Amino acid sequence: MEIRYATNPTETKTYDTERLRQEYLIEGLFVPGKLNLVYSHVDRFITGGAVPTTEPVLLEADKHDMGADYFLERREIGIINVGAQGIVTVDGTDYVLENKDGLYVGLGNKQVVFKSADAANPARFYLSSTPAHKNYPTQKVAISEAEPQHLGSITNSNERTIYKYIHLNGIQSCQLVMGMTLLKPGNMWNTMPCHTHNRRSEVYFYFDMPEDGVVFHLMGEPTETRHVVVRNEQAIISPSWSIHSGVGTSNYTFIWAMAGENQEFSDMDAVAMKDLK
């Protein structure tokens, strides 16, 4: 498990491109037959990917870094499948996830195993985990069951649908809030006009992008913006003081996960376009 330490805005504004990528960009999440995890000290997020092929992949705790006997001893996790059909087995119970289906697994579940229905066309499980203080029931939500919210317009190149999976009016959790945003064809902008939410941090995971496509992800304080070039199936950490927005070379999809002081989806500090620098 890779460890990332928290940074501050005063220091971040001095980073060059390589340092920005080292601190915030998460690459190489999906490796066939492997579980890859990145532990960030920003709200103690763990972001990961699992690609089971011929053998199942077990969600395991790093005893040294987590101080836990099993992964969910003091944590909860949200899982969204971005590949072919897969199965997540939680303490002996199977949950079948089609593409873009989600699953919440709460504190105290001891064994989580990832499997693919077809090893030649494997599932690709994207994982977001945060600390938890009580158990909430394990629950699956198909994308067809997730709460949709339609935003934006073709005029502003940001027509999109937000699907909420884990949130106050959906699957219950301790602090994790998680969902997915799909941009319609011909639309490239996300989360613009932008915002911060000083009470929560966020991780974006971009996917469904063409091989030669990129997203120019904007981050930093509103008056000290920076950009990071993000490619398909890469994630980026957004501390609470940072904006998190982007524009792509074509439409794309991204998963967002938040954690912090509250779970209010609308709790954000809007940034006026005239104030961006």
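All the letters of the sequence shown, read from the start, carry residue numbers 632 to 908 under my numbering. Think of the CB as a built atom: it goes at the ideal place given N, C-alpha and C, for glycine as much as any other residue. On a predicted model such as this, the values are computed, not experimentally measured, just so you know.
Between the Cα of P753 and those of L849, G664, T856, spot the shortest distance and give me the residue it belongs to. Walking along the sequence shown from the start, residue 753 turns up at place 122. For the residues L849, G664, T856, the minimum Cα distance to P753 belongs to G664.
Where are the beta strand (DSSP E) runs, 3 residues long or more, that stay fully inside the region 712-749, in chain order? Those beta strand (DSSP E) runs which fall completely within the region 712-749 and span 3+ residues are 717-721, 724-728, 733-736, 743-747.
By alpha-carbon positions, which one of L782, R675, N882, D700 ends up nearest to Y837? Taking the sequence shown and counting its residues from 1, one reaches residue 837 at position 206. Cα-wise, what sits closest to Y837 is N882.
In the structure shown, what three-state DSSP assignment does I874 receive? The count along the sequence shown starts at 1 and reaches residue 874 at position 243. Here I874 sits in coil by DSSP.
For the putative contact between S871 and H828, defined by C-beta atoms under 8 Å, what is the C-beta separation to the nearest angstrom? Translated into the one-based positions of the sequence shown, residue 871 becomes position 240. Translated into the one-based positions of the sequence shown, residue 828 becomes position 197. S871 to H828, Cβ: 6 Å. Contact.
T678 in three-state terms, based on DSSP: Translated into the one-based positions of the sequence shown, residue 678 becomes position 47. It is a strand residue.
Cβ atoms of P853 and V902: under 9 Å apart, would you say? In the sequence shown, residue 902 corresponds to position 271, counting from 1. In the sequence shown, residue 853 corresponds to position 222, counting from 1. Going by C-beta atoms, V902 is nearer than 9 Å to P853.
Rounded C-alpha distance that separates R705 from R857: Along the sequence shown, one-based indexing puts residue 705 at 74. Along the sequence shown, one-based indexing puts residue 857 at 226. C-alpha separation (whole angstroms): 35 Å.
Check H695 in the structure and name its three-state DSSP category. If you number the sequence shown from 1, residue 695 lands on position 64. In the structure shown, H695 sits in a helix (DSSP, three-state: H, G or I).
How is E842 classed by DSSP in three states: helix, strand or coil? Counting from 1 along the sequence shown, the entry for residue 842 is found at position 211. Looking at E842 - three-state DSSP - the assignment turns out to be coil, as it is neither helix nor strand.
Give a yes or no on whether the C-beta atoms belonging to V878 and M811 are separated by under 9 Å. Here residue 878 corresponds to residue number 247 of the sequence shown, with the count starting at 1. Here residue 811 corresponds to residue number 180 of the sequence shown, with the count starting at 1. 9 Å or more divides the Cβ of V878 from the Cβ of M811.
Keeping to the same chain, check which residues put their C-beta closer than 6 Å to that of K815; ignore five residues upstream and five downstream. Residue 815 sits at position 184 when you count from the first residue of the sequence shown. Counting only Cβ-Cβ distances below 6 Å, and skipping sequence neighbours, we find E790.
Looking only at its chain, what residues have a beta carbon closer than 6 Å to the beta carbon of T792, apart from the 5 residues adjacent to it on each side? Residue mapping note: residue 792 aligns to position 161 of the sequence shown, counting from 1. If we look at T792 and ignore the five residues flanking it on each side, its Cβ neighbours are P779, H781, L813.
Quick check on DSSP: helix, strand or coil for E704? Stepping through the sequence shown from its first residue, residue 704 is reached at position 73. E704 falls in the helix class under three-state DSSP.
Would you mind sorting L930 into buried or exposed? The rule is 16 or more other CB atoms within 10 Å of its CB. For residue 930 there is no data in the structure shown, the boundaries of the chain being 632 and 908.
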